[in-house]
Structure formats: structure tokens, C-alpha cells
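Residue numbers (the working numbering), protein chains in the order written: chain Y, 1 to 556; chain P, 557 to 791; chain B, 792 to 1117.
This is the structure:
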């Protein structure tokens, strides 16, 4: 590895954050946003694995219409834990907490996030929440579904499991609020000199919009689960009809958070797509301001659509009509983003590396996920499709397809920056292809099953759906194989990957202006803001040396 | 944590020792911290809003019940606590001014005053709670007011039958005032911490972020009570 | 009207919802039309997205003959307005079409006075009280006559779903909800529960029978009436109709509740200590107040079940008949 350009620069800027401070304590109590990001990444990757194992049990159970792999109760616990772990421990925190923590301060040229101690607290709250989720397994699991609807979830026969789960959600939510506060304060106040609002990378606009939702929607989830906890223990009569409460009120509270939470998941994913599509098309992102503003629009409209989860709950007709209209409006900013991304490809210089392959598959999958959302936002079609496999397929397209694929894209994209190592491009490409294929084979049959009337959360099902379910299970195996190949690529990179140059992809955002991996204080000299999508000042060095500023170090 | 101290220690005013390494200067640190606190308070407002919505929904569904139940709450106790909390907000605001002016004695006094007023609030609240719980006024289905307390109600109210679901009102009462009370307790802890630091002489015109932040939090706690008092005691 | 475009439109609309279940209610056609509209709008946009992606990737991919990106603008207000306005317009069209159908779905259909049916959901069965006084595990309605279902639940939230009717409505404890429709095709269709309600959620099924004429419906209504049933028959019917079988087996196989096989006269250990002999009074108490004495090893989760005295007596006879070894 001698002669890699990183080495000489490394000496000048101080040692890498990976070797600054040794021992396990220097990680667990680190205030360095990069180390906290890496710890989040490890925990989130583990959650993805755990949720994936639950998913495989669910899929194999559904191989036969009469179930049979596990008991009905065990199946119900499996899909509950699959949903809860994936949502609260993988898709919600995934991109913001793991990648956001690593990248946000770098992108604004700062040494750290605004409140490093709060950031560490946020991480440990998340760990505590995750531990409580796993603890529910130890005390026998819960079978409430991740939506935790009372009266079922708070019946008096339930024991410790539900209380642990509610507390876990509360802690994970608190962690999410603190992360949002940190990102918004960092983006507002800690931008590099000369970096105006419209010089921000679009990933930051996306995280800014995400932060708004995290701060203003998550507390409602907090009070909801707190009320659920107290209802179960003290029988207050808030949500339980047998004590005079209203179970539909819970649904309002729950979805007031949990629908915006979908945008907590998808907005950062869209942010990654915006970064990657520009860098690998080698031309400025098309319609920067429209993409930025559409993130904010999605965040704002996202607060007003929760009622579409309750079209058949007995909610008044006119409430349904209004929620339906507001829901359909979300299509507009999503369409704007999609068309701007496509226009970015136009006349570009498209480099088909792994992150870009993931992004291209994101276009198709987010397209399907978004467009099938229309069927569920429109009242006439939502009534029959509600709570069928159509819904399951739709939200997996958005939350797994779109979010997880963007997560992987971002991970391959920033991996060299995080670890200082390149990954094997062949393994990356193989994983992207397998994940795309596996994903579609898994979930397209579920649209058909749902349209034909197969309800979700069924441990057993009618004979007519057996074909679709088996294809879906085969797809799940392919998808799992794709994820394992990605894991293989990362492990192999850590063991024997080539040293990464500072700027392997030719990105113009500030994180590429420092070494890979960055030093403890991020930058040797505090950088000035640049135009994030102007690639004219970069030229590619031969071999593995990556991209360097035209005219040497001083040109930036 | 050690790697965040130092760095700037040698330069500038004594308060510079509190400048975290990742901020450009003291002003950037103050402005960033204030933004952070405001965002957190926004989150707090939404946290309480869940309870206010529950209050609104149940009030709309059980109008007569809510009107009946508020007679059990002593508005004089509520009013006393309102005065106590508003005064504490004033002294909290004063403490920020003292810190900005470098008046260390005034700062310690106003912080201590705020803490004492917060304690007074909780003592009054304790008497209200224990009085109710002794009279059988609990939450949910277990709420059975004793004949003695029913006899204290106005005659026109005594004539009415005791509503079956009286506990619904008191579930919400205990929830809202209880959550508010927890916030008062947390505030007292924060003021205790501030008094400790103020005694050590940490705060001055160049560095008063914690005093300012805690005071903002305290004003929110006060504000929430100003909504709770009329909603629960008066209407 | 020129017939060809009409047929074309019909074919296009048909292709979208072609794999939906058959249509058996007055609302199904409207729903399927909206589904068809959405299907083709989605298919069009998906084709645009995927098509443009593929074309651009092929044309503009990095290759030796193509050293860098070509000059092209990085924004265009005109394009942004176009691709904001077109989706916005479509949103209005979709909203109008869907809402019109929805409002019709939720209004009592015109025609004869509706047949009213009280629906009760409980773990894990449905119960339909028809307006002629007949209660049944099955829903029986008449072709062409409007139906109004009033739904309630005795325990947790359930949701009544008939795919062929394109209708679904939650049954929420503590309130009543409503579903209206007119059956348009005689036949038997599945009734499903679509709100997750626990262990046997997926088998909380029933059927709806759409009778072709009044005579057929009347015949069903009269079935079982006038004939004197023995207590045992009453018991077997109650066991079947009130959904006991969802939790209690009669062949000794384990379930959510104790099996009824050989249960009569047995002495059970109870949750929280104590013992109870299964006799007439224990059976009555277990039906009326299920939580009072719960057999050790089981959870207190049975809902109170509304049986009249004769039905309880019948259940007792039935239990007596389920001896060990038969």
C-alpha cells in the first residue's frame, strides 16, 4: 500500500479517528460523532440481521397454507418482532443515526455535531431500547403486532412483555428526538464559512426535514406508549373500552407519529439517492432547489395524513375524504424528486459502480412503492385493500425496497470514508443484483395475493394463495443471499481491502475533502463551503488514487 | 470527555475554558445551545399535546362529567400554585439577568429562590393529592368519592347523582398534573445543579448557557401549568 | 358514442383489476373502475421511470468513447412546472373519481328498505343476528335487497371483510360501526377478519350466503324453527354457533382453552390455587363469568358468551356426551 496518497496527508492532519484513543472504553464513551456513527451502524446491522431471521421464519411458515412450521402463537410473535425490530431498530434509525452521524459534521466542515454529549446519550438510550426489545423475547415474546393496537395489546392477561416493549419504544423514540435536535442545530449553526443554505448537500436537506419530524412527531409516540404503559398497569380508562377508554384514540395518536415516521425512513434515503446519482453521473444534480424544498414539503404534508390508516375504523366519512386528499398530495413532491433524479442522468457520464446500481434499482422500487401508495390513499380502493397483503407489499417496497436499498447504496458509497478501505466491486455488484431480484420476487406476488383478498397477519391461509406465497418465500431466500453477499463484501474489505484514497468517487461535498478515514478532528484546516455538485474542479488520478483537485491541494 | 476540554483553555476570558472544542467561539456555542433547547422544548410541547388532545376528546364526549368533576378540585389551591409558579418564572428570568451582569450573589439568590418556589409548588400538590386519595378519589374504575367529600360540594352539585365514570376525569387529572409534576421535579434537580456550579463561580457574562437553557425549560413548565389550571380547576 | 373507444376503455379498465375476485355487490364495479384507473396511471409512470432509467444508462454510461458528461442545464423551471402540474392534475382526477365511489359506498343504497343485521365479532368467530330474529354464524342476505350491517365487538378490534363485496369495516369494542351494500350476485362468499386479533385470527372466518330469491331466504330463516330440538342438539348447535370450537376441541387435541373431551366431572387445578369440579354450576359460571375460575395452565382470555339457560343446559348435555375414550 505504499505510495497511496492518503499516507502523506495523514501524517499532516493527525491520526485517523479509528486509532485516536484505544481500548473498548474509548469507543463506548466516545463523543466523536464518527465513532458513535460506527457503533450505531454495528447495532443497526445486527438489528437488520435479527429482523431478517424473524422474516425468514415467517416466510417459511407460510410455505404451506396450514402453516405448520411453528404454532399460530409463535408465528404471531415472529411477525410482531420482525416488524418491531425492523421498524424501530433498523429503518427508523438506520440512515440518520448511522450514516447521518458519520457524515453530517463532515458535510458542513465541522469538528463534531452540535451536542456531542447528547449524541452519546442518544446512542445509549437506543441501546437500552434495543436491549428491552430483546428482553421481550426472554420473557416469552409479544404477539400484538408492531402497531400495538389496544384493546388486544393491553389485555389484562398480558404480562411483562408488553411493558418491556412499550418502554423500549419510548427509549428508542427519545433517542430519535435527541438525534433530530442535534442534526438541526448542527445544520443551522455549524456550517462552514461560505456555505449557504443552498450550498448544502441534499442529504443534509433531507436530514433537516427528517429532524423536523423526529422532533415534533416522536414525542407523540412517547406519550402514547407512556399512556399505554400506565393503562396496562393502573387501568386508567384512556384506551381500554372496558375501563371507559377509546381504542380509536390510540390509533390516532399512534399514526400521528407512525405515519410521519415513514418519512423519517424515506427522506434520508432520498437524500442518499440525491448524492449518489449526482456523483456517479458526473454532473450537477438537476433542480437542486426543487429537491430540497420537496423534502420539506413531504415533512410538512406528512404530519397531516395519519388518518389514512383508519379509513375502516369507523372514522367519519368526511374525515376520510380530507385525509384521502392530503395523502394523495404526497405524490407531488415524490414525483418532483423522481423526475429531477432522472433528469440528472440525462447527458451525464454514468459510472455503474455498486452505489449507483443500488440507486438505479431504487428508482424502480420506489416507483412501485410510491405509485401503489395511490391505491391506498384513494378511498374507494383502500377499503378492499386495507390490511391485506397489498398493504404489506406496498410498505415493504417503500420501507425495505427503497429505504434498505438506499441504506446499502449509502453504505457502499461512504464505506471507504468510514473505514479507509475499498470493497471488492464484483461482490458489491453481485449483492446489488441479488437484492434487486430477490426483493421483487418476494414482494410482487404479495400485491397479487392482496388484490385477491389475502389478509395480512394470517398464520394460515386459503389454498388459492399457495403459489404466490411459495414464490415469495423463494424470493426471500434470494434477498437474504444478496444481503449476505453485501456482508461478505464488507468483511472482506475490512480484512484485505485496498487502501481508500481521500476521494474515491469524485464527490464534491466536503466529506471527500478530508482523508479516508478522517482524522479525529475531521479536517486539518477548517474548510470553506464549496458548491456540492460542481465536479469541474476535480480530476481522476490513474490507478487507485481516486480524484484530486485540479491544480493541486490548494485549489479548493 | 477529556479530549473536549482544553484546546482553548489558554486563550481569552476565564469563561473560555467552557468552550467546547468543536465551536468556533463562545457566541456560536451560546446560539447553538439556545437553538437546541428551543427544539427540545418544541418536542416537549408535542409530548404534552397528546394529553391535551386526550383531555379535549374526553371533555367533548363526557361534557357533563367534566363539569361535575371539576367541583372536586379546590381552585384556591390551584390559584396559589399558579402564583407560586409564575413567581418562580420571574426569579428564573432574573437569574439569567444576574448571570449576564456578572452579579454572582444575585445569581445564587435567584437560583435558590426558584428552587424553593418549585418545592413549594410540589408541597401544595402533595396536599392536594393526598387529600383526594384519602377521600377515595382515584383514577379509572376505582374512583369512589367518600360521603364526606361529597358533602363538601356545592348544594346544586350534591343534588346530582355521582357519575359512573367519574374516574375518567381523574385519570386525566392525575396524568396531566403528574407528568407536569415530574417536570417540576426534573427542574428542581437542574436548579440544584446550577446552584452548585454558580457557587463554584462558573457563570458570568461570558458563559451562562446552562442558566439560560434551564430558565427556558422552566418557563415552559410554568406555561403548561397556566393551561392546566383553568382546564382542570375552573371549567 | 363510437363503440370502439368504449370497448377499448372497457378492455383497458378490465386488464387492471382482472385478477380481482368476482364482483358480488353494488359497490364492486365502482371500486374496480377506480382500481383500473390507478393501475394504468401507475403502469404509465412506472414505464416512464424505468424506461428513462434504462435509456439514459445505456446512452450516457461512462465508456472509453465518452470522456465526460455533455453540457446540459442543471435546472429548468419550465420542466419543474410541467412535472408538478401533471401529477397534481392527476391527483385531482384520482381524488374525484375515488371519492365519488366512496361516498356512494357508504350511503344506504336506494331501493327496498334495507335488511338489518347486527354483527358481533369476538375471538374468534362472527355472529350475525338477522332482523327476522334468527341468529347464526353465517350471514344470509337476499339478492338485490340492500343490507345494513351494524358491527360491534365484545373483546378486541376485529374487521369484517368480504373480498367479493370489496367491503371492509372494523368492529370496535365500545362503539357501533356500519356497513351498507346491495348483493348483486347469488352465491356463497367468504367472510374474513382483517384486524389482527390473536391466536386464531386467520381462522376467524365465516360465509355470506346471497340467496337468489325471497323464498330461499325464508326457508333458511325457518330452518330449525318449529322442530323441537333435544337438549343435546341445542348444546351442539350452541357450541358450534357461538364459536366455542375456536378454542375448545372435542377430540382431546390441545387448544387455547381446555379440551371438552372427557371434561365432565373432572377436577381441575385452578390458576391462583384451589380446585374445581366440572359440574353444572361450574359450567354456567365459566360461560357467564369466564375469568372467575381459570384452569391452571390456561390464560384468562375467554370473552363472556351470551347463552340463554336452555343453551347452557344444552352445553352441559353435550359435555356429558363427550366422554373419554369415545
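Here a beta-carbon is modelled for each residue, glycine too, at the ideal position from N, C-alpha and C.
How is the beta strand (DSSP E) around residue i delimited, first residue to last?
i, result
"residue 1060 of chain B", "1058-1060"
"residue 944 of chain B", "938-944"
"residue 950 of chain B", "949-953"
"residue 342 of chain Y", "Premise fails: residue 342 of chain Y lies in the alpha helix (DSSP H), 331-345, not in any beta strand (DSSP E)."
"residue 907 of chain B", "906-913"
"residue 1067 of chain B", "1066-1068"
So which residues on chain Y does residue i lean against when the C-beta distance must stay under 7 Å?
i, result
"residue 727 of chain P", "236, 237 and 238"
"residue 577 of chain P", "111"
"residue 829 of chain B", "374, 375, 378 and 381"
"residue 874 of chain B", "335, 336 and 339"
Can you pull the chain P residues whose beta carbon is under 7 Å from the beta carbon of residue i, in chain order?
i, result
"residue 194 of chain Y", "The premise fails here: residue 194 of chain Y is roughly 13 Å from chain P at the closest Cβ pair, so nothing lies under 7 Å."
"residue 419 of chain Y", "What residue 419 of chain Y touches in chain P: nothing, since even the nearest Cβ is about 22 Å away."
Can you list the residues of chain Y that residue i reaches, using a CB-CB cut of under 8 Å?
i, result
"residue 866 of chain B", "286, 287, 288, 289 and 290"
"residue 844 of chain B", "342, 345, 360, 363 and 364"
"residue 721 of chain P", "237 and 244"
Go to residue i, then tell me how far its alpha helix (DSSP H) extends in each direction, as first and last residue.
i, result
"residue 916 of chain B", "No alpha helix (DSSP H) contains residue 916 of chain B, which is instead part of the beta strand (DSSP E) from 916-921."
"residue 415 of chain Y", "405-419"
"residue 682 of chain P", "660-690"
"residue 470 of chain Y", "466-496"
"residue 1031 of chain B", "1022-1032"
"residue 584 of chain Y", "Outside the displayed range of chain Y (1 to 556) lies residue 584 of chain Y, so it cannot be described from this structure."
"residue 214 of chain Y", "202-234"
"residue 933 of chain B", "It is not in any alpha helix (DSSP H) - residue 933 of chain B instead sits in the beta strand (DSSP E) that spans 930-933."
"residue 445 of chain Y", "425-451"
"residue 528 of chain Y", "Residue 528 of chain Y -> no alpha helix (DSSP H), and no H or E assigned at all."
"residue 961 of chain B", "Segment 958-962 is the beta strand (DSSP E) holding residue 961 of chain B; no alpha helix (DSSP H) there."
Between the beta-carbon of residue i and the beta-carbon of residue j, is there less than 8 Å?
i, j, result
"residue 596 of chain P", "residue 300 of chain Y", "no"
"residue 206 of chain Y", "residue 271 of chain Y", "yes"
"residue 651 of chain P", "residue 673 of chain P", "no"
"residue 592 of chain P", "residue 185 of chain Y", "yes"
"residue 247 of chain Y", "residue 964 of chain B", "yes"
"residue 376 of chain Y", "residue 882 of chain B", "no"
"residue 766 of chain P", "residue 750 of chain P", "yes"
"residue 1041 of chain B", "residue 1113 of chain B", "yes"
"residue 100 of chain Y", "residue 173 of chain Y", "no"
"residue 1051 of chain B", "residue 1110 of chain B", "yes"
"residue 243 of chain Y", "residue 697 of chain P", "yes"
"residue 571 of chain P", "residue 762 of chain P", "yes"
"residue 463 of chain Y", "residue 96 of chain Y", "no"
Using a Cβ cut-off of 7 Å, pull out every chain B residue sitting near residue i, in sequence order please.
i, result
"residue 503 of chain Y", "By Cβ distance, chain B contributes nothing, its closest Cβ being about 17 Å from residue 503 of chain Y, past 7 Å."
What in chain Y is Cβ-close to residue i, meaning under 9 Å?
i, result
"residue 992 of chain B", "72, 76, 455, 457, 458 and 459"
"residue 1042 of chain B", "Within chain Y, no residue comes near residue 1042 of chain B; the closest Cβ sits about 17 Å away, beyond 9 Å."
What does residue i reach in chain B if we use C-beta pairs closer than 9 Å?
i, result
"residue 452 of chain Y", "810, 811, 812 and 954"
"residue 572 of chain Y", "Chain Y is shown only over 1 to 556; residue 572 of chain Y falls outside these bounds and no answer can be derived."
Would you call the stretch 157-171 of chain Y and the stretch 115-130 of chain Y in contact, with 3 or more CB pairs under 8 Å?
By the criterion of at least three beta-carbon pairs nearer than 8 Å, the stretch 157-171 of chain Y is in contact with the stretch 115-130 of chain Y.
Considering only residues of the stretch 89-147 of chain Y, which uninterrupted alpha helix (DSSP H) runs meet the minimum length of 4 residues and lie entirely inside it, listed in chain order?
The stretch 89-147 of chain Y is shown to contain whole alpha helix (DSSP H) runs of 4 or more residues at 101-107 and 116-138, in chain order.
Could you name each continuous alpha helix (DSSP H) segment of 4 residues or more that falls completely within the stretch 972-1013 of chain B, going from the start of the chain to the end?
The stretch 972-1013 of chain B contains, as complete alpha helix (DSSP H) runs of 4+ residues, the segments 1005-1013 (chain order).
Please identify, using Cβ separations under 9 Å, the residues of the stretch 597-610 of chain P that lie next to chain D, in order along the chain.
Here chain D cannot be found, since the structure's protein chains are Y, P and B.
Validate contact between the stretch 246-264 of chain Y and the stretch 837-845 of chain B using beta carbons, cut 8 Å, 3 pairs
no
Where are the alpha helix (DSSP H) runs, 4 residues long or more, that stay fully inside the stretch 601-655 of chain P, in chain order?
The stretch 601-655 of chain P is shown to contain whole alpha helix (DSSP H) runs of 4 or more residues at 619-625, in chain order.
Enumerate, from N- to C-terminal direction, the unbroken alpha helix (DSSP H) stretches of 4 or more residues contained entirely within the stretch 1087-1115 of chain B.
1100-1112
Would you list, in sequence order, the uninterrupted alpha helix (DSSP H) runs of no fewer than 4 residues that lie entirely inside the stretch 842-904 of chain B?
868-896
For the stretch 239-298 of chain Y, which segments carrying the alpha helix (DSSP H) assignment without a break, of at least 4 residues, lie completely within its bounds, in sequence order?
247-279
Whether or not the stretch 373-390 of chain Y and the stretch 417-433 of chain Y are in contact is what I'm after, with contact meaning three or more pairs of Cβ atoms, one per stretch, closer than 8 Å; do they touch?
no
What runs of the beta strand (DSSP E), each 3 residues or longer, lie entirely inside the stretch 683-769 of chain P?
none
Are the stretch 15-23 of chain Y and the stretch 509-518 of chain Y touching by the rule of at least three beta carbon pairs closer than 8 Å?
yes
Should the stretch 937-945 of chain B be called in touch with the stretch 890-903 of chain B, which here means at least 3 C-beta pairs below 8 Å?
yes
Between the stretch 80-89 of chain Y and the stretch 141-153 of chain Y, are three or more C-beta pairs nearer than 8 Å?
yes
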